[in-house]
Structure formats: C-alpha cells, structure tokens
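For reference, the structure is listed below as structure tokens.
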C-alpha cells in the first residue's frame, strides 16, 4: 500500500486483509492440511535449497512452525527473538499481524510499502470520500489503544493519504510495542483521530515495514524546521538497531486463501532474522537476489534514499515466449521506473503493454471493461496462460489461481473472474518526473518467499510451490 508521496500508485482494494501469525511444526501438520498447502507430492531438494540460501547470504532461522486451518498459527523463525502469526482476513486480499502495545493485542494490516504504525483512537472521526462525517462503524475498523503510555509528541502530526483515496491523520507518541517475542520500548507510533478507510471489520490499523525515510510525520510549524520532515525508526528498524533481530532480515511468505477459510484463519508467515529451513517449505530450488534501489527525486531537490522495496525486473514470459520488460522512463534520471514489492496491495499493477500480453494469451480472450476500473475480467472457466517473471536472471512462475483470481468463498464456473494483473491509468504510465512503476502485490508474492535484507539492501526471492 503506497502513500501519495512515495508513489502515486493504485494500491486500491486493500480493504480485505490476511493476518501474519504462528503455530506448531510443519511435521505436526495433518496430512489433509499438508496436501492443501502443497507439502505432499512435491519433492523438495533440501541440499540444493540449503546451498543456494547460503550462497545468497541468507540466514536460516529455527523454530518455524506450520499454519493450520484452525487459525492457531505458524510459529515463525527468528535469528534472535520469538514467534509470530499469519492469518486470513476478509477474503485474503491483504495481510496483517497481531502486535501487542502496552499489554493489549491489536490486529494491524502488514504493509511493506509504508513505514508508520498507526491505530485508531477510541473516539476517532470517520469520514466519507467527500469529507463528510459518518458513523464510526462505516470505516469498519477496530479501536486502538486508549492513549500513549510513554508520552506524546506535541510538535508533530501524522498524516498519510493512499492512492485509492483512503487517508488517516492524528498524532504521534510512544509506547512499548511487541511482536513475535521481540519487544521495543518507547516505540514511536500514531493514533488516528480522523479517518477515511475501507476497513475489514477485523483490524485496528496498519504497521509499515518500509524504510524510515517515508514515515509520514510533519511538523506543526514547518518554518521552524526549515520545511524538513521528521523521520524516525519504524518498529522493524528499531528491533534491528536494538539487536533483537539478527541479521537484519525478514521474510514474508503468503498462502492462497482457501474456499473454507474465514477471517483470521492462517494466511502465511513472517520470519524475522532470516528465512525458514528448506525442509519446512515447498521451495522449488529457484532463488535469486537483486539490489534494493534507492528512490531518486532530483527534480524535488531530495537526495536519493531507500524508501520502499524497489527493484528491477528483467522481463516476463507468457506461454513460453520471453518478452522484455516495459516500464515508464523517469525524465529526471533517465532510468526505468523500478518495481515495488508490496504486501498491502491485492493485485499486481503493471504497464498496460505487459497486462495486454497476458490477457491476449487467455482462451477465450477477455474484454476490457472501462466501466469497471478499465481492467480485464476473463471467464472463470477460461484457459489460463503460463506466466512467469524474470528477476535476477531467474524465472518465477505464477500459479494459474493467482493469474486468474476468483471468489475464494464460492464455486464459480462460468461467471467472470478478475485478472490478477492490472494496468496503470494512462497518466501514470506516461514518462515523467515521478511515473508510477510496476507494483508487485499479494498475488505475485503468494508464489515466492521474499527475503528483505535491510542491512545489505537486497531482496532475495525463493520460488515456492503451494498446491
């Protein structure tokens, strides 16, 4: 999910969430559940994956446990720390974690494309798209803490807008924030007093795992601070700096939502301090690393900085035909706009030429519907093309169920489903100072584990085969 400053993207339809949680070991999972998660009838080359992980400089964590359909959790592995959980929320279209603030638990959406932790005040004001005050329940979001236990920040305000029209504003303060056995005292976070939000009825806010440069604070008196913006360490960076997450790596793996899954049911894993052992996950043996790219804003007199998890894509393949990558060119740098990895976005947003190539390979070929976001909606019983993306010289295949996305809670045969790849609006594809680059969302991430190495500024992808 992107804020308007860092990217002018369509991170829409993130109103439905899936939660990052924990449980017992993969060896303890029942046979039906192992089959459902793709752990049966799939041969894992443990030695190969162990060697590739080591060659890429990724730590292997212990204590990695399975997600089960009971909603009791996957105990994620930490190089140093405890455990956490991943669970489904509202149709499994985004993901969230259960954190603890000052002794109370809160479910918050997990977002790798923003950086702040925010929750709602008990008396927050809910607004509609026009700024008209409506009932709190219309924002479909739960309550946050009653206040800041360790003091507030009087000269700063929190304000963030998302490209789908959602926004949140409030104030900053401090509290003790824990997740997965890792506790950060006096962590800065925000409590929101005004909100326009398409909530899921399950979560109480959002936690960002992006870099400190895109925290959304502003000074109440900008002139007194030379019109600069305050920055602080988000929770994950505080934990790394404090030595509680060693090495400074976290891995995200997302499950596909099942027909019978309910809100709060398992949806994947979050591993702090490395990646799960090869024996525990259906790794395909395809691994690749690529540098995290700094955002560049020379037109705005802002120095290059790490902001979101941006990377370059080599190309893509449809039904065996490899095609070069297509993305806007930044006028101020002459560089191809990078792609961004984003757990907070349901679909994957690509240049229209890439989306057209995928759509034209369906049988029958679907139509675009200008009245419905101008996107493709193929028949649910269409023949789906084979799609993969080349990153770091390796091809990562996308499961047909993530190329063509149906309603996980119904048995659709001849109705319309949604293409998992959406086009940018034309104005966002035009070359310019800040064109919107491709955005790889949850439907792509369900086909890889993504290791975010914030010490070496590197993304590592490992292919996984969930049945």
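Residue numbers (this note's numbering): 7 to 473.
All residues carry an ideal CB built from backbone N, CA and C; glycine is no exception.
- Short of 7 Å from the beta carbon of residue 219, and not among the five residues preceding or following it, lie these beta carbons of its own chain, in chain order: 237, 311, 312 and 313.
- When beta bridges are read from the DSSP output, residue 110 appears opposite 107.
- Only exposed fits residue 60, as fewer than 16 other CB atoms lie within 10 angstroms of its CB.
- Comparing C-alpha distances from residue 425 to each of 397, 401, 371 and 343 shows the shortest one belongs to 371.
- Between residue 445 and residue 230, the alpha-carbon positions lie close to 36 Å from each other.
- A direct Cα-to-Cα measurement between residue 165 and residue 196 gives close to 9 Å.
- Here the region 160 to 176 makes contact with the region 198 to 215; the two share three or more CB pairs at distances below 8 Å.
- Using a Cβ distance threshold of 8 Å, residue 62 and residue 296 do not count as a contacting pair.
- Around the CB of residue 185, 16 or more other CB atoms lie within 10 Å, so the residue is classed as buried.
- Contact between residue 272 and residue 56 does not hold, since the beta-carbon distance rounds to 25 Å and is not under 8 Å.
- Inter-residue distance for residue 412 and residue 244 is about 39 Å (C-alpha atoms, whole angstroms).
- Taken in chain order, the complete alpha helix (DSSP H) segments of 4 residues or longer contained in the region 193 to 270 are 241 to 247.
- Residue 101 places its beta carbon less than 8 Å from that of residue 260.
- Excluding five sequence positions before and after residue 403, the CB atoms of its chain that fall closer than 6 Å to its own CB belong to 394, given in chain order.
- Excluding sequence positions up to five before and after residue 182, its CB lies within less than 6 Å of the CB of 108 and 191, all in the same chain and listed in chain order.
- Going by DSSP, residue 407 is part of the alpha helix (DSSP H) stretching over 406 to 409.
- Counting other Cβ atoms within 10 Å of its Cβ, residue 458 reaches 16 or more and is therefore classed as buried.
- Checking the DSSP bridge columns, you'll see residue 62 has no partner listed.
- Distance from the Cα of residue 469 is smallest, within the candidate group 66, 289, 223 and 217, for 289.
- Counting every other CB atom within 10 Å of its CB across the protein chains shown gives residue 328 a total below 16, marking it as exposed.
- When 143, 228, 115 and 122 are compared, the shortest CA-CA separation from residue 130 is found for 143.
- Here residue 357 is buried. Its C-beta has 16 or more other C-beta atoms within 10 Å.
- Out of 308, 112 and 286, the CA that lies nearest to the CA of residue 53 is found in 286.
- With a cutoff of 8 Å on beta-carbon distance, residue 359 and residue 390 are scored as not near each other.
- Taking C-beta atoms as the reference points, residue 428 and residue 366 fail to come closer than 8 Å.
- Rounded to the nearest angstrom, the Cβ distance from residue 160 to residue 225 is 11 Å, too far for a contact under 8 Å.
- Under the three-state reduction of DSSP, residue 284 is assigned to helix.
- Taking the Cα positions, residue 275 is about 23 Å away from residue 248.
- Where residue 173 is concerned, there is no enclosing alpha helix (DSSP H), although the beta strand (DSSP E) around it starts and stops at 173 to 185.
- According to the DSSP assignment, residue 122 belongs to no beta strand (DSSP E), since it is labelled neither H nor E.
- One thing to note: residue 211 has its Cβ within 8 Å of the Cβ of residue 150.
- The beta-carbon distance between residue 363 and residue 319, rounded to whole angstroms, is 14 Å. This is too long to meet the 8 Å contact definition.
- DSSP places residue 54 in the helix class (H, G or I) of the three-state scheme.
- In its chain, beyond the 5 residues on either side, 254 and 460 have a beta carbon closer than 7 Å to the beta carbon of residue 246.
- In this chain, the alpha helix (DSSP H) harbouring residue 358 covers 358 to 365.
- Between the beta-carbon of residue 467 and that of residue 294 there is about 6 Å, and that keeps the pair under the 8 Å contact cut.
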